[in-house]
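Notes follow the structure.
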Amino acid sequence: MAEKAEKQLFGTNGVRGIVGRDMTPDLVMRIGMALASMRKGTIAVGRDTRTSGPALCSAAKAGILACGCDVVDVGVLPTPALQYLVKHHFDAGAMITASHNPPEYNGVKIIDADGTEMGDEETIKLEQRIFSGAFEVQGWKSVGSEVYAPHLIDEYIDAIVRSFPAHVGEGMTVVVDPGSGPASHSTPTILSRMGCRVHTVNANMDGTFPGRLPEPSPEGLAPLAEMVVKTGAAFGVAHDGDADRAVFIDETGTYVEENVEFALMQRYVCRNRTGFVVTPVSTSRRVEDVCAEHGCQVAYTPVGSIYVARTMLDLAASGRTVLFGGEGNGGLIFPDHQHCRDGGMTAAAMVGLLAAEQSSLSSLAGDLPDYFMIKEKIFTGKPASVVDLVKARFSEERLDATDGIRINRDHVWALLRPSGTEPFMRLLVEARDRQLAEAMYGEITDAIGSADQA
Ligand code: MG
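Here you go:
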């Protein structure tokens, strides 16, 4: 299974920072130089709709070209569209995006030749080159050349449309809120080519994000919910800032919690087949319930989509059937399409799901087992010793140390792990009812309390 390793510059999904302060053209050019010094051939470069995108994209291209790789600039597009193109045509990719972060942020996600985000081992090598300045700068005969190819996104759109029966969405009204991001054209196009009648909210690409922030929070999606109800739509779908995630509003205007979304899609994908479902240890136990219904198996990974994607590839390489994967945050992976989170594909799969089930999204969501989840931040200066203490305190129980420490009981589980990016720990507790969850939460915070006094 894919394991976590320490990186300095890059987080779980690329490097991000505030533009003009820690995210500068100089840094992005050095990332481009390092990438082109490690790879040969042609590197695709794309960006989301942020105002700083053109400046940082130009910097990435300058670094790549100077170090001898060719560049195909695929323009503004969703991260999964770039990943699809890299997998089929290119030797690597660089996506200028800060995903769900606010407008003042930008960043870079590096894509490997197989279309997945670059793994920890290679990322650490890339960082070492950036820090040491080990760049293979070329002379006039061997610098790279550049081509502009914004039309290539059509291949991604075609691939998704082809994954479903023709006209499967006929008679279905849907509303898309791409949040002024890079799927403003692609997701409405995909759904209308599947036969849906499509309405949109926030579908003008705009890096000032006038309608809502790039994180698709339930509060920011009020206009989407309103439009869903007003138009009698089967669902509303919204993306984060680079459209690798998709979240849903049901036909009554209610936000579908992302773990419920995961379980619904899982049930749809697993309905006629058996195999593995891959997800981080932070995902709701509904994933186990749905696997049990269908004779499927769960493989748990550390938190982070890259670990899910790599574990899916590893399992497939060892001859296992891998049906589905992703995280309980709207980032879902459909491996028959590609091994990365894909918001456009997820929107399309909802059309396929509702057509196959001939039922409403709210009633399908209501059919799933009920769970109560507590999510809290625990501030501590010594996360490693807190994990050790909790491990010792609960050592008689079923423990899983895939990421932090997860304690599994029959009707309740808890996960305590250091945040990947910030100076606190995350505590998740989930149970079939509130009392059970609160009792376990109390047990863990008591144990941590004694750690702080020790
Ligand atoms: Mg994203």
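Numbering (numbering that gives the first Met the number 0), first residue to last: 0 to 453.
Every residue gets a Cβ at the ideal spot worked out from N, C-alpha and C, and that includes glycine.
Could you give the residue range of the beta strand (DSSP E) that holds residue i?
i: R192; result: Here R192 belongs to no beta strand (DSSP E); instead the alpha helix (DSSP H) covers 185–192.
i: D249; result: 245–249
i: V146; result: 145–147
i: L398; result: 397–399
i: E375; result: 371–377
i: V167; result: Unbroken run through V167: none, as it is neither H nor E.
i: L322; result: 321–325
Among all the DSSP beta bridges, which residues are the ones paired with residue i?
i: D69; result: T41
i: L414; result: R405, L427
i: V175; result: T199, V236
i: I95; result: R46, V107
i: P279; result: T300
i: M28; result: According to DSSP, M28 bridges with nothing at all.
i: V75; result: R46
i: L367; result: Bridge partners of L367: none, in fact.
i: I305; result: Beta-bridge pairing links I305 to no other residue.
i: Y254; result: I248
Which same chain residues, not among the five before or five after residue i, have their C-beta less than 6 angstroms away from its C-beta?
i: F89; result: T41, A43
i: F479; result: Only positions 0 to 453 of the chain appear in this structure, which leaves residue 479 out of reach.
In whole angstroms, what is the alpha-carbon distance linking residue i and residue j?
i: N100; j: P213; result: 6 angstroms
i: F234; j: G168; result: 12 angstroms
i: T253; j: M204; result: 26 angstroms
i: A453; j: R416; result: Interpretation of A453 is limited by its pLDDT of 44, a score under 50 that renders its predicted location unreliable; no figure is taken from the coordinates.
i: K381; j: L388; result: 11 angstroms
i: V236; j: D402; result: 31 angstroms
i: H293; j: G274; result: 9 angstroms
i: W412; j: G441; result: 13 angstroms
i: D119; j: Q337; result: 20 angstroms
i: N407; j: E396; result: 7 angstroms
i: G329; j: V146; result: 34 angstroms
i: G13; j: E225; result: 34 angstroms
i: E437; j: E375; result: 12 angstroms
i: A430; j: F371; result: 5 angstroms
i: S51; j: T96; result: 10 angstroms
i: G143; j: E126; result: 22 angstroms
i: E218; j: E256; result: 13 angstroms
i: G365; j: L26; result: 48 angstroms
i: L353; j: Q137; result: 54 angstroms
i: H150; j: F9; result: 30 angstroms
i: V286; j: A158; result: 27 angstroms
i: R392; j: T444; result: 12 angstroms
i: C269; j: L263; result: 10 angstroms
Return the Cβ separation of residue i and residue j in integer angstroms, given the expectation that the two are a contact with Cβ distance under 8 angstroms.
i: G114; j: A245; result: Incorrect: roughly 18 angstroms between the Cβ atoms, too far for contact.
i: L414; j: L435; result: The Cβ separation is near 15 angstroms, so there is no contact.
i: L331; j: T310; result: With 8 angstroms as the limit, L331 and T310 do not qualify as a contact, their Cβ atoms being about 15 angstroms apart.
i: A232; j: T320; result: At roughly 35 angstroms, the Cβ-Cβ gap does not stay under 8 angstroms, so A232 and T320 are not in contact.
i: M28; j: A58; result: 4 angstroms
i: K60; j: V75; result: The Cβ separation is near 14 angstroms, so there is no contact.
i: S216; j: A202; result: With a Cβ gap of about 18 angstroms, S216 and A202 do not count as contacting.
Spatial neighbours of residue i within its chain, please: C-beta separation below 7 angstroms, excluding the five flanking residues on both sides.
i: T282; result: N258, F261, E326, G327
i: Q7; result: E126
i: A65; result: M32, V136, Q137, V142
Please list the terminal residues of the continuous alpha helix (DSSP H) segment that includes residue i.
i: F134; result: No alpha helix (DSSP H) holds F134; DSSP gives it neither H nor E.
i: G342; result: 342–356
i: R15; result: Premise fails: R15 lies in the beta strand (DSSP E), 14–17, not in any alpha helix (DSSP H).
i: F261; result: 257–268
i: A291; result: 285–293
i: Q82; result: 78–88
i: T115; result: Segment: none, T115 is in no alpha helix (DSSP H) and carries neither H nor E.
i: E225; result: 221–230
Quick one: what's got a C-beta closer than 8 angstroms to residue i's C-beta in the same chain, skipping five residues either side?
i: V160; result: I189, R192, M193, A347
i: L398; result: K390, I404, R405, I406, N407
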